[in-house]
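Visitor: Residue numbers (our numbering): 638 to 746.
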Amino acid sequence: FVAQQDDAAAKILESHGHTLPDSAEMDSVLVLTPDGVLHDRSTAALQAGAALSGPVGSVLSALAVAGMAVVPTPIMDPLYNFVGRNRYKWFGQTHTCRVPSQEERRRFL
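1. Please tell me whether ALA687 and LEU675 are closer than 8 Å, where the distance is taken between their beta carbons.
2. From the DSSP secondary-structure annotation, give me the bridge partner or partners of HIS676.
3. Could you tell me the distance, in whole angstroms, from the CA atom of LEU689 to the CA atom of ASP659?
4. Among ILE649, VAL708, PHE719 and GLY673, which residue has its Cα nearest to the Cα of SER665?
5. Taking the CB atoms as reference points, tell me whether TYR717 and ALA685 lie closer together than 8 Å.
6. To the nearest angstrom, how far is it from the Cα of GLN641 to the Cα of LEU669?
7. On the three-state DSSP scale, how would you describe SER698?
8. Measuring straight from C-alpha to C-alpha, what distance separates ARG678 and THR710?
9. When we look at the beta-carbon of ALA701 and count the other beta-carbons within 10 Å, is it buried (16 or more) or exposed?
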């Protein structure tokens with residue numbers, strides 16, 4: 638994990654032939670898969686979910702494969718944007734961030 642604004646993000650993306658979006662477009666999660674493919678918006682969310690362990694990861698992995706094969710990105714991305722615009726209204730918002738555990742901290746650059 639690395640913040641898009643971090644210099645490490647630019648270096649990692651550049652080493653795989655990608656560039657960071659400009660600051661006006663940094664409104665989405667980005668996922669760089671081991672094969673060097675850069676995903677954003679709905680496909681990034683599905684890729685990130687598919688990387689989770691346990692039954693949730695298995696279900697999301699299947700959805701990622703099926704979703705990307707059946708539902709085109711031009712349809713999935715507006716849904717991703719809709720959820721993004723309404724997530725605080727539906728799920729609430731906290732005023733502080735959870736502190737990552739030691740195990741989680743090892744995964745951050």
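Where a beta carbon is used, it is the ideal one built from N, C-alpha and C, also for glycine.
Guide: The answer reads as follows:
1. The Cβ atoms of ALA687 and LEU675 do not sit closer than 8 Å to each other.
2. Beta-bridge pairing by DSSP links HIS676 to VAL668.
3. Approximately 29 Å, taken between the alpha carbons.
4. Here the closest residue by C-alpha is PHE719.
5. Not closer than 8 Å, so no.
6. Put simply, the backbone Cα of GLN641 is about 12 Å away from that of LEU669.
7. Note: SER698 maps to helix in three-state DSSP.
8. Straight-line Cα distance between these residues: approximately 9 Å.
9. The Cβ neighbour count for ALA701, taken over all protein chains shown within 10 Å, is at least 16; the residue is labelled buried.
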